[in-house]
Ligand SMILES: Cc1cc2nc3c(=O)[nH]c(=O)nc-3n(C[C@H](O)[C@H](O)[C@H](O)COP(=O)(O)OP(=O)(O)OC[C@H]3O[C@@H](n4cnc5c(N)ncnc54)[C@H](O)[C@@H]3O)c2cc1C
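In my numbering, the protein residues as written are 47 to 388.
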């Protein structure tokens, strides 16, 4: 059988340094960039026995060794407004292909007054990656506006639609992250037209306190200002955002920590566990702004590990282990990485 697109190149021993925002070096045994779903299926068929990894813009992953398999970097773009924009329906449905830039899509929605994504402004990455770890910021999570995720099963090539419930979304998790079996090709969002600002997040409320009735554009602008003040630009100082997940601890552990640190952020969850702040624990363990060789934590936000010049992901691992060890020693709490390590 002839390939659908004889021009679709497979690159061998392909350098991945520019495909991860930590800028670690690693070679992919095979690399391809399908532009259509047909090309993607062909690519999967041609390499059915290979281990597979999907990369969007690489803002949430890094490498410690070469990848012995097929790296797929989809380049499948397009936005389809399912609802009629002219009609003033309250509910808006939009299908967006995986390789669209996340923040450009958020800007597109905010400009049109489509409500629901504004708190998730300026998160780097692609639309296809958003459901993978259920991206979240400033009191919002993408799961709250996803109606459906369309994905290809990388083993069978079959296209499957996942309803919101079938995505099994959780804090920085989903069925896609757990199984690594599906390549997301598009996401259907359910947005609204009516906007009422609900104060949910301290920093954001503070940023908006001068505005009596914030619009969604005000919220987006405020989120962008806060993020630009607090977070490093990964294109200037390589990093992958929050390195660790915020841990869930027991009431007993919380009480013990509160004796010495009464300002510990602690949020009671429905299951009785307490969600606390990894940044706080790292800071109080002496790792805020600490640098060892080329790796360190960002001075303004200790949850972000930054790379000052290494090309070896193992340097990041060594630093990560030091931070985990320090937090475990100080608080008896285990920090789990949010970033994907390959
Ligand atoms: C400065 C900075 C700030 C950040 N802030 C936040 C934040 O506030 N909140 C937050 O949640 N995250 C944040 N992140 C993390 C990151 O931006 C998100 O996880 C984003 O969704 C990653 O998109 P990506 O396209 O770069 O994904 P990648 O890094 O390429 O991939 C991430 C994971 O998703 C998988 N994947 C990617 N695309 C697909 C696809 N189409 N189908 C199947 N699997 C796929 C990959 O295999 C990998 O496991 C931040 C990162 C940086 C650098």
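By construction, the Cβ of each residue, glycine as well, lies at the ideal position given by its N, Cα and C atoms.
Is there a Cβ from chain D that is less than 9 Å from the Cβ of residue i?
{"i": "residue 80", "result": "Among the chains in the structure shown there is no chain D, since it carries only a single protein chain."}
Going by beta-carbon coordinates alone, are residue i and residue j separated by less than 9 Å?
{"i": "residue 143", "j": "residue 123", "result": "yes"}
{"i": "residue 98", "j": "residue 116", "result": "yes"}
{"i": "residue 138", "j": "residue 79", "result": "no"}
{"i": "residue 320", "j": "residue 350", "result": "no"}
{"i": "residue 125", "j": "residue 174", "result": "no"}
{"i": "residue 120", "j": "residue 250", "result": "no"}
{"i": "residue 176", "j": "residue 148", "result": "yes"}
{"i": "residue 227", "j": "residue 194", "result": "no"}
{"i": "residue 178", "j": "residue 223", "result": "yes"}
Exposed or buried, what is residue i when buried is set at 16 or more other beta-carbons lying within 10 Å of its beta-carbon?
{"i": "residue 57", "result": "exposed"}
{"i": "residue 252", "result": "exposed"}
{"i": "residue 313", "result": "exposed"}
{"i": "residue 55", "result": "exposed"}
{"i": "residue 180", "result": "buried"}
{"i": "residue 381", "result": "buried"}
{"i": "residue 49", "result": "The predicted model places residue 49 with a pLDDT of 48, which falls under 50 and marks its position as unreliable, so this point remains unresolved."}
{"i": "residue 184", "result": "buried"}
{"i": "residue 260", "result": "buried"}
{"i": "residue 246", "result": "exposed"}
{"i": "residue 355", "result": "exposed"}
{"i": "residue 61", "result": "exposed"}
In terms of alpha-carbon separation, which member of the options lies closest to residue i?
{"i": "residue 221", "options": "238, 237, 199 and 236", "result": "199"}
{"i": "residue 197", "options": "233, 362 and 278", "result": "233"}
{"i": "residue 155", "options": "127, 176 and 182", "result": "127"}
{"i": "residue 134", "options": "237, 194 and 246", "result": "237"}
{"i": "residue 379", "options": "151, 342, 331 and 361", "result": "331"}
{"i": "residue 386", "options": "263, 89, 201 and 109", "result": "109"}
{"i": "residue 369", "options": "388, 343, 356 and 305", "result": "343"}
{"i": "residue 189", "options": "166, 203 and 240", "result": "166"}
{"i": "residue 303", "options": "375, 136, 159 and 76", "result": "375"}
Assuming residue i and residue j are in contact, meaning their beta carbons sit under 8 Å apart, how far apart are those beta carbons, in whole angstroms?
{"i": "residue 284", "j": "residue 113", "result": "Contact doesn't hold; Cβ gap of about 19 Å is too wide."}
{"i": "residue 339", "j": "residue 70", "result": "That pair is no contact at about 14 Å."}
{"i": "residue 129", "j": "residue 170", "result": "Incorrect: roughly 28 Å between the Cβ atoms, too far for contact."}
{"i": "residue 281", "j": "residue 346", "result": "With a Cβ gap of about 17 Å, residue 281 and residue 346 do not count as contacting."}
{"i": "residue 311", "j": "residue 323", "result": "4 Å"}
If you follow the beta strand (DSSP E) that residue i is part of, which residue opens it and which one closes it?
{"i": "residue 73", "result": "73-78"}
{"i": "residue 211", "result": "Taken as a continuous stretch (DSSP letters only), residue 211 belongs to no beta strand (DSSP E), as it is neither H nor E."}
{"i": "residue 116", "result": "113-118"}
{"i": "residue 367", "result": "That residue, residue 367, is in no beta strand (DSSP E); its alpha helix (DSSP H) goes 359-377."}
{"i": "residue 126", "result": "125-127"}
{"i": "residue 197", "result": "192-199"}
Along the chain, where does the alpha helix (DSSP H) that runs through residue i open and close?
{"i": "residue 157", "result": "148-158"}
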